[in-house]
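Input: a single structure, listed below in structure tokens.
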Amino acid sequence: MTELTTDRLLLRQWRDSDRDPFAALNEDPAVMEHFPALQTREQSDGLIDRNRAAIDERGWGLWALEVRATGEFIGFTGLSVPSFDAHFQPAVEIGWRLAKGAWGNGYASEAARAALEVGFGPAGLDEIVSFTTTTNLPSQRVMQRIGMVHDEAGDFDHPRIADGHRLQRHVLYRIDRAQWESTR
4 MTELTTDRLL
14 LRQWRDSDRD
24 PFAALNEDPA
34 VMEHFPALQT
44 REQSDGLIDR
54 NRAAIDERGW
64 GLWALEVRAT
74 GEFIGFTGLS
84 VPSFDAHFQP
94 AVEIGWRLAK
104 GAWGNGYASE
114 AARAALEVGF
124 GPAGLDEIVS
134 FTTTTNLPSQ
144 RVMQRIGMVH
154 DEAGDFDHPR
164 IADGHRLQRH
174 VLYRIDRAQW
184 ESTR
């Protein structure tokens, strides 16, 4: 289960060759607009290492994302366990981060659907959540396209973002097994 394919994409384990393009993606102000800061090379490499370990341990995680036709690395998509306390925990989150050049092609939605298949299939999850800043409308549209529903009562202030910061408030989206099955 460590690799998934869609019509156009490969969701796979991380490679050392992903380090440079992933670091560039994490240093791009457009890509990181809805995050509190750009990532250093050390932070970017650490995220790769944690993702590798999670995939090795569980068989699923935040997979490296590659365009099958070209072999180009374009970011990540997949499932993770949030590492902060929140009212909706315990939970598994679906997320994505793509290079700006990959935006607008439907890749995030296509890859996220494959990740949901794993979550509700082999991983045996009953619910998957996703969250982002209130200003990140493109990610919210992806959430809606893959069948997730905004849980307005669940919106929250992210505990790792400083009080009053423009990105502190987050929206919470959810999808359960029955909702997912109805969208297939």
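When the count follows the numbering used here, it moves up by one through the sequence shown with no breaks and lands on 187 for the last residue. Using N, Cα and C, we set each Cβ at its ideal position, and we do this for glycine too.
Could you give the residue range of the alpha helix (DSSP H) that holds residue i?
i	result
ARG190	Given that the chain is displayed from residue 4 to residue 187, the structure contains no residue 190 and the question cannot be resolved.
GLY196	Residue numbering for the chain in the displayed model covers 4 to 187; residue 196 lies beyond these limits and cannot be assessed.
ARG22	22-29
Taking the beta strand (DSSP E) that residue i belongs to, which residues open and close that run?
i	result
ILE178	172-179
SER133	130-136
GLY107	Where GLY107 is concerned, there is no enclosing beta strand (DSSP E), given that its DSSP letter is neither H nor E.
On a Cα-Cα basis, can you pick out the residue from the options that is closest to residue i?
i	options	result
LYS103	ALA181, LEU28 and ASN139	LEU28
VAL95	TYR110, SER133 and ARG53	SER133
ARG71	LEU13, SER142 and GLY122	LEU13
TYR110	LEU68, THR136 and VAL84	LEU68
GLU120	PRO162, THR80 and THR43	THR80
ASP179	THR43, LEU128 and ARG169	LEU128
PRO141	LEU101, GLY167, SER86 and HIS168	LEU101
ARG44	ARG177, ASP21 and GLU60	ASP21
Determine, using beta carbons only, whether residue i and residue j come nearer to each other than 9 Å.
i	j	result
TRP17	ARG55	yes
SER185	ARG148	no
ALA117	THR9	yes
TRP66	THR5	yes
Using DSSP's beta-bridge definition, name the partner residues of residue i.
i	result
SER83	GLU96
VAL189	The chain is shown from 4 up to 187; residue 189 falls before or after that span and cannot be answered.
Here's the rule I'm using: 16 or more other beta-carbon atoms within 10 Å means buried, otherwise exposed. How should residue i be labelled?
i	result
THR138	exposed
HIS173	buried
GLY64	buried
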